[in-house]
Amino acid sequence: MYYKKNKDKAKAYREANKDKKKAYDKAYQEANKDNIKAYREANKDERKAYDKAYREANKDERKAYDKAYREANKDELKVKQKAYREANKDEIKARQKAYREANKDEIKARLKAYQEANKDEIKARLKAYNEANKIDVFSHYSKKISNSDIPICACCGYNDIRFLTLDHIHGRKHLSQKEKKIGAISLWKYVKSHGYPDGYQVMCYNCNIAKGRGRYCPHQLDRMKSN
Ligand SMILES: [Zn+2]
Ligand SMILES: [Zn+2]
Numbered sequence: 001m002y003y004k005k006n007k008d009k010a011k012a013y014r015e016a017n018k019d020k021k022k023a024y025d026k027a028y029q030e031a032n033k034d035n036i037k038a039y040r041e042a043n044k045d046e047r048k049a050y051d052k053a054y055r056e057a058n059k060d061e062r063k064a065y066d067k068a069y070r071e072a073n074k075d076e077l078k079v080k081q082k083a084y085r086e087a088n089k090d091e092i093k094a095r096q097k098a099y100r101e102a103n104k105d106e107i108k109a110r111l112k113a114y115q116e117a118n119k120d121e122i123k124a125r126l127k128a129y130n131e132a133n134k135i136d137v138f139s140h141y142s143k144k145i146s147n148s149d150i151p152i153c154a155c156c157g158y159n160d161i162r163f164l165t166l167d168h169i170h171g172r173k174h175l176s177q178k179e180k181k182i183g184a185i186s187l188w189k190y191v192k193s194h195g196y197p198d199g200y201q202v203m204c205y206n207c208n209i210a211k212g213r214g215r216y217c218p219h220q221l222d223r224m225k226s227n
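Per the working numbering, the very first residue in the sequence shown carries number 1; after that it's consecutive.
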């Protein structure tokens, strides 16, 4: 009881003399500035080691605290980061470029190792991507040329997409050297990224090859005869 009473008293005293104490501390520090500085300098390494040990000992706690802080201030931090990136755009870009330049070989090796380790997955992803592209492109031209909702040969109506190809309606002769070099998969990407230009149709391999040999597919010649 006695202790408690005095404790409260001491607290009230400290509270009442807070500013005085602050001013006193400040004056003391100012007066002993050089001494304090010298002391700090002399104990620099010790201090450093102490700080390091402290950080090490409280690592997990600190980590958890940081994480909780980030979580609690997520939106605010996001806005801040975005503003920072925006304000330092050129500097960040230059820094990234310099980093890439300085670590060129390492980055290359890392990319290669990643590709090697994820070979099958990358291959599967690429295949799925190309398949999806094929369906998009073939659906587009089949709708346009044959008014079909599924990919279909414009000549004979065959519709197993595994045996369908994209045909240059007017042959390949008039294509530029660059266009002539484009392989099938790249051609799908090319027409899609160029807004599906005219001059293409979907054909099955039979009709495509037959047309390539004689300008017309035999199916077409049959239709001409009967008309
Ligand atoms: Zn066909
Ligand atoms: Zn045909």
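Ideal Cβ placement from N, Cα and C applies to all residues, glycine included.
Next on the checklist: Less than 8 Å between CB atoms is the rule here; does K89 satisfy it with respect to chain D?
Outcome noted: Here chain D cannot be found, since the structure has a single protein chain.
Next on the checklist: With the cut-off set at 8 Å, would you say C156 and L164 are in Cβ contact?
Outcome noted: Against a cut-off of 8 Å, the Cβ pair of L164 and C156 comes out as no contact.
Checklist entry - For N73, which residues from the same chain have a beta carbon less than 8 Å from its beta carbon, with the 5 sequence-adjacent residues on both sides left out? => result Hits under 8 Å: none found.
Checklist entry - Helix, strand or coil: which one does DSSP assign to L166? => result Shown here, L166 sits in a strand according to DSSP, grouped into three states.
Item to check | Beta bridge counterpart(s) of V202 as assigned by DSSP | outcome: Partner residues in the beta bridge of V202, as assigned by DSSP, are L166.
Next on the checklist: Rounding to the nearest angstrom, what Cα-Cα distance links Y129 and I122 in this structure?
Outcome noted: Between Y129 and I122, the C-alpha separation is close to 10 Å.
Checklist entry - Distance, Cα to Cα, Y114 vs K97? => result One C-alpha to the other measures close to 21 Å.
Next on the checklist: So, for V265: in the same chain, excluding its five sequence neighbours on each side, which residues have a beta-carbon less than 8 Å away from its beta-carbon?
Outcome noted: Within the shown structure, residues of the chain are numbered from 1 to 227, placing residue 265 beyond reach of any answer.
Checklist entry - How long is the line joining the alpha carbons of Y24 and K37, rounded to whole angstroms? => result For Y24 and K37, the gap between their C-alpha atoms comes out near 18 Å.
Item to check | K112 vs W188 beta-carbon contact at 8 Å | outcome: At the C-beta level, K112 and W188 stay beyond 8 Å of one another.
Checklist entry - Just to check, is the beta-carbon of N159 closer than 7 Å to a non-hydrogen atom of ligand 1? => result Result no, Cβ not under 7 Å from ligand 1.
Next on the checklist: Quick check on V79: buried or exposed, where buried means 16 or more other Cβ atoms within 10 Å of its Cβ?
Outcome noted: By the 10 Å Cβ count, V79 comes out exposed.
Item to check | Near ligand 2: A210 beta-carbon under 7 Å from a heavy atom | outcome: For ligand 2, at least one heavy atom lies less than 7 Å from the Cβ of A210.
Checklist entry - Is any heavy atom in ligand 2 found nearer than 7 Å to the beta carbon of H219? => result For ligand 2, at least one heavy atom lies less than 7 Å from the Cβ of H219.
Checklist entry - Rounded to whole angstroms, how far is the Cβ of V191 from the Cβ of Y200, which I believe are closer than 8 Å? => result Going by Cβ atoms, the distance from V191 to Y200 rounds to 6 Å, so yes, they are a contact pair.
Item to check | M203: CB within 7 Å of a non-hydrogen atom of ligand 1 | outcome: Indeed, a heavy atom of ligand 1 lies less than 7 Å from the Cβ.
Checklist entry - Got a sec? Which residues, its chain only, sit under 8 Å from P197 by beta carbon, not counting five neighbours each side? => result V191, listed in sequence order.
Checklist entry - Among residues of its own chain, excluding the 5 on either side of K180, which ones have a beta-carbon nearer than 8 Å to its beta-carbon? => result A distance below 8 Å between beta-carbons, with the five flanking residues on each side excluded, links K180 to the following residues of its chain, in chain order: R172.
Checklist entry - For the candidate residues N227, S186, S176, N208, whose alpha-carbon lies nearest to that of I169? => result Closest by alpha carbon: N208.
Checklist entry - Helix, strand or coil: which one does DSSP assign to D51? => result In the structure shown, D51 sits in a helix (DSSP, three-state: H, G or I).
Checklist entry - Alpha carbon to alpha carbon, what distance is there between Y13 and K5? => result Their Cα atoms are separated by approximately 12 Å.
Next on the checklist: According to DSSP, simplified to helix, strand and coil, what is L175?
Outcome noted: Looking at L175 - three-state DSSP - the assignment turns out to be coil, as it is neither helix nor strand.
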